[in-house]
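**Q** These protein sequence lines are chains A and B, in that order.
Mapping of the first sequence onto this note's numbering: residues 1 to 167, in sequence order.
Mapping of the second sequence onto this note's numbering: residues 1 to 129, in sequence order.
Ideal Cβ positions, reconstructed from N, Cα and C, are used throughout, including at glycine.
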Amino acid sequence: MRWFWIDRYTEFVSAQHATAIKNVSLAEDHLHDHFAGAPLMPASLIIEGIAQAGGILLGQATGFERQVVLAKVAKARFYFEARPGDTLTYRVDAQDIRDDGAIISGTSRVDDRLQGEVELVFAQLGSKGEQTGMFERETLLNWLRMIRLFEVGVNTDGTRIVEPALR
Amino acid sequence: MASQEEIFSKVQTALVDALGVDEEEVTPTATLVGDLGAESIDFLDIVFRLEKAFDIKIPRGELFPEDILTNAQYVQGGKVTPAGLEQIKQRMPFADLTKFSANPNVQDFGNMLTVQDMVRYVESKLAKK
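Right, dumping it as structure tokens:
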């Protein structure tokens, strides 16, 4: 299983908010175990997707210089099950970005229906500029390209977000 | 200015939301770590909720002086030195340090803060606004 729980960003405003989509597909192996004959997208993986969308929002806000870790799911509420064929639209809003962490609120929608709501607490580890062990920088950049961050991402003044330099 | 009951009620809501505890558990004498099960990451969440509820800014280290507790100058053999205790007193005038001072094990520090300390802290912040 590949640990990519959003397919692409559709909107990304630095340090403020972002939207991303996740297409639920019957081709995903795990849906056949959850559950056999009744495939449902696990809510835990919806939280993971929202956390990926929000964690990158936080990481980008601090120049990808720190390690961003999902520290706590403060709240999670789901209203109905997501099934194969559904397109989940995640919206994440940065409530507060501090030096040591951030609070991100997120929602999941299927069409116009609110499917879930979460509140996430992230911690930022390591000091600025320190080589962090979680991702190779190139791996991170590749991931960000695949989910089209640099195609839709803008700064608050409307200018394009540019790819950070490889060091 | 908000009354003490109003402050307590908002602090209570913040702790219920951050720690997933019942309202009845959040009594003035309950300790955040021991009684309410707060872990270190919860303090970030609590700080965020208090800031929002009271429209105040809580600088890092003000509610939990981790920089003092990890400073070799103020900690010896796992205990906070008299100079360290003085630092904590100045930083956290809202906290009742009597019990902790008697046996100032760094490990026990987190278990000292009570809900009432939080209320006093918020009161002192609001008074300065």
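In this structure, what does DSSP give as the bridge partners for Thr41 (chain A)?
**A** Translated into positions along the first sequence, residue 41 (chain A) becomes position 41. Thr is not the amino acid found at residue 41 (chain A); the sequence shown has Met there. Met41 (chain A) pairs with A:Ala82.
**Q** Counting only C-beta atoms, is Arg120 (chain B) closer than 8 Å to chain A at any point?
**A** Along the second sequence, one-based indexing puts residue 120 (chain B) at 120. Closer than 8 Å: no.
**Q** Looking at the structure shown, is His17 (chain A) part of a helix, part of a strand, or coil, going by DSSP?
**A** Here residue 17 (chain A) refers to the residue found at position 17 when the first sequence is read from its first residue. Strand.
**Q** With a Cβ-Cβ cutoff of 8 Å, do Ser14 (chain A) and Thr156 (chain A) count as a contact?
**A** Position 14 of the first sequence, counting from 1, holds the residue named residue 14 (chain A). Position 156 of the first sequence, counting from 1, holds the residue named residue 156 (chain A). A contact, by the Cβ cut-off of 8 Å.
**Q** Quick test of your reading: Met112 (chain B) and Phe94 (chain B), contact by CB under 8 Å. State the CB separation rounded to the nearest angstrom.
**A** Within the second sequence, the letter at position 112 stands for residue 112 (chain B). Within the second sequence, the letter at position 94 stands for residue 94 (chain B). The pair is not a contact, with the Cβ atoms about 12 Å apart (cut-off 8 Å).
**Q** Report the neighbours of Arg60 (chain B) on chain A: residues whose CB is nearer than 8 Å to its CB, in chain order.
**A** Here residue 60 (chain B) is taken as the residue at index 60 of the second sequence, counted from 1. Here the neighbours are Arg98, Asp99 and Asp100.
**Q** Ordered along the chain, which non-local residues of its own chain (more than five positions away) have a Cβ less than 7 Å from that of Glu48 (chain A)?
**A** Counting from 1 along the first sequence, the entry for residue 48 (chain A) is found at position 48. Once the five neighbours on either side are set aside, the close Cβ partners of Glu48 (chain A) are Trp5.
**Q** Cα separation between Gln12 (chain B) and Gly55 (chain A)?
**A** Taking the first residue of the second sequence as 1, we reach residue 12 (chain B) at position 12. Taking the first residue of the first sequence as 1, we reach residue 55 (chain A) at position 55. C-alpha separation (whole angstroms): 29 Å.
**Q** Can you find a C-beta in chain A that's less than 8 Å from the C-beta of Ala14 (chain B)?
**A** Taking the first residue of the second sequence as position 1, residue 14 (chain B) is located at position 14. By this cut-off, Ala14 (chain B) is not an interface position.
**Q** Looking at chain B, is there any beta carbon in it that lies within less than 8 Å of the beta carbon of Val121 (chain A)?
**A** Counting from 1 along the first sequence, the entry for residue 121 (chain A) is found at position 121. By this cut-off, Val121 (chain A) is an interface position.
**Q** Residues of chain C with CB under 8 Å from Asp45 (chain B), in chain order?
**A** Among the protein chains of the structure shown, namely A and B, there is no chain C.
**Q** May I have a chain-ordered list of the alpha helix (DSSP H) segments no shorter than 4 residues that lie completely inside the region 37–76 of chain B?
**A** Listed in chain order, they are 40–54 and 66–69.
**Q** Could one say the Cβ of Ala38 (chain B) lies closer than 8 Å to chain A's Cβ atoms, at least one of them?
**A** Sequence index remark: in the second sequence, residue 38 (chain B) carries index 38 (1-based). So no, Ala38 (chain B) is outside the interface.
**Q** Taking just the CA atoms, how far does Ser9 (chain B) sit from Thr81 (chain B)?
**A** As a position in the second sequence, residue 81 (chain B) is number 81, starting the count at 1. As a position in the second sequence, residue 9 (chain B) is number 9, starting the count at 1. One C-alpha to the other measures close to 36 Å.
**Q** Report the option in B:Phe64, B:Val119, B:Arg120 and B:Leu126 whose CA atom is closest to the CA atom of Val106 (chain B).
**A** Here residue 106 (chain B) is taken as the residue at index 106 of the second sequence, counted from 1. If we check each option's Cα against that of Val106 (chain B), B:Phe64 comes out closest.
**Q** Just checking: is the beta-carbon of Ile41 (chain B) within a distance shorter than 8 Å of some beta-carbon in chain A?
**A** Position 41 of the second sequence, counted from the first residue, corresponds to residue 41 (chain B). Yes, Ile41 (chain B) lies at the interface with chain A (some Cβ there is under 8 Å from its Cβ).
**Q** Specify, as a first and last residue, the run of the beta strand (DSSP E) that Phe122 (chain A) falls within.
**A** Position 122 of the first sequence holds residue 122 (chain A). From DSSP, the beta strand (DSSP E) with Phe122 (chain A) extends over Arg113 to Leu125.
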